[in-house]
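A.B. asks: I have a structure here, written as structure tokens, and I will follow up with some questions on it.
Numbering (our numbering), first residue to last: 286 to 410.
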């Protein structure tokens, strides 16, 4: 049994990992990264390798959030009609939020933390 105590210090993260039934993280890739070495796993890579860690992908209910049947959008589309619907959706969004309605003005959406690791720096360029 690996103890979370080193000298007079307690590693609370290690204690939590050792007492957990299952360890989850934000993605399969990040789970692999955490066990790839001491620098990535912040000295917990060996424990994570022993106990196991699972990456889960953020997801959604595709039935509830179906753009073909969504009651909250006026423009219905599916995989075969999305390219025709896209400019109409963009114009509707521009109008709804008070932007100039113009097909030549880009609209960029970003969901994530505004940090380099997430690629937000590329948006500025």
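Virtual Cβ for every residue (Gly too), placed ideally from N, Cα, C.
Small disclaimer: the values here were computed from a predicted structure and weren't measured.
Using a 10 Å radius around the Cβ and a threshold of 16 neighbouring Cβ atoms, would you call residue 316 buried or exposed?
C.D. replies: Locating residue 316 in the chain shown gives position 31, counting from the first residue. For residue 316, the number of other beta carbons within 10 angstroms of its own is at least 16, and it is reported as buried.
A.B. asks: With contact counted as at least three CB pairs below 8 angstroms, one residue from each stretch, are the stretch 321-339 and the stretch 294-305 in contact?
C.D. replies: yes
A.B. asks: Where does residue 294 fall in DSSP's three states?
C.D. replies: Within the chain shown, the letter at position 9 stands for residue 294. It is a strand residue.
A.B. asks: Kindly indicate which three-state DSSP category residue 301 falls into: helix, strand or coil?
C.D. replies: To locate residue 301, count along the chain shown from 1; it is residue 16. In this structure, residue 301 counts as helix in the three-state DSSP scheme.
A.B. asks: Can you give the Cα-Cα distance for residue 320 and residue 360, rounded to whole angstroms?
C.D. replies: Position 35 of the chain shown holds residue 320. Position 75 of the chain shown holds residue 360. In a straight line, the C-alpha of residue 320 is about 45 angstroms away from that of residue 360.
A.B. asks: Tell me the rounded alpha-carbon separation between residue 357 and residue 350.
C.D. replies: Your numbering for residue 357 matches position 72 in the chain shown. Your numbering for residue 350 matches position 65 in the chain shown. Using only the alpha carbons, I get a separation of about 10 angstroms.
A.B. asks: Helix, strand or coil for residue 366, going by three-state DSSP, please let me know.
C.D. replies: On the chain shown, residue 366 is found 81 positions in, with the first residue counted as 1. Coil.
A.B. asks: Bridge partners of residue 337, per DSSP?
C.D. replies: The sequence position of residue 337 within the chain shown is 52, counting from 1. DSSP, once it has assigned bridges, lists no residue as partnering residue 337.
A.B. asks: Residue 372 to residue 388, Cα distance in whole Å?
C.D. replies: Taking the chain shown and counting its residues from 1, the one referred to as residue 372 is at position 87. Taking the chain shown and counting its residues from 1, the one referred to as residue 388 is at position 103. For residue 372 and residue 388, the distance between alpha carbons rounds to 7 angstroms.
A.B. asks: Where residue 292 and residue 300 are concerned, what is the direct C-alpha to C-alpha distance, given to the nearest angstrom?
C.D. replies: To locate residue 292, count along the chain shown from 1; it is residue 7. To locate residue 300, count along the chain shown from 1; it is residue 15. Spanning the two alpha carbons is a distance of roughly 15 angstroms.
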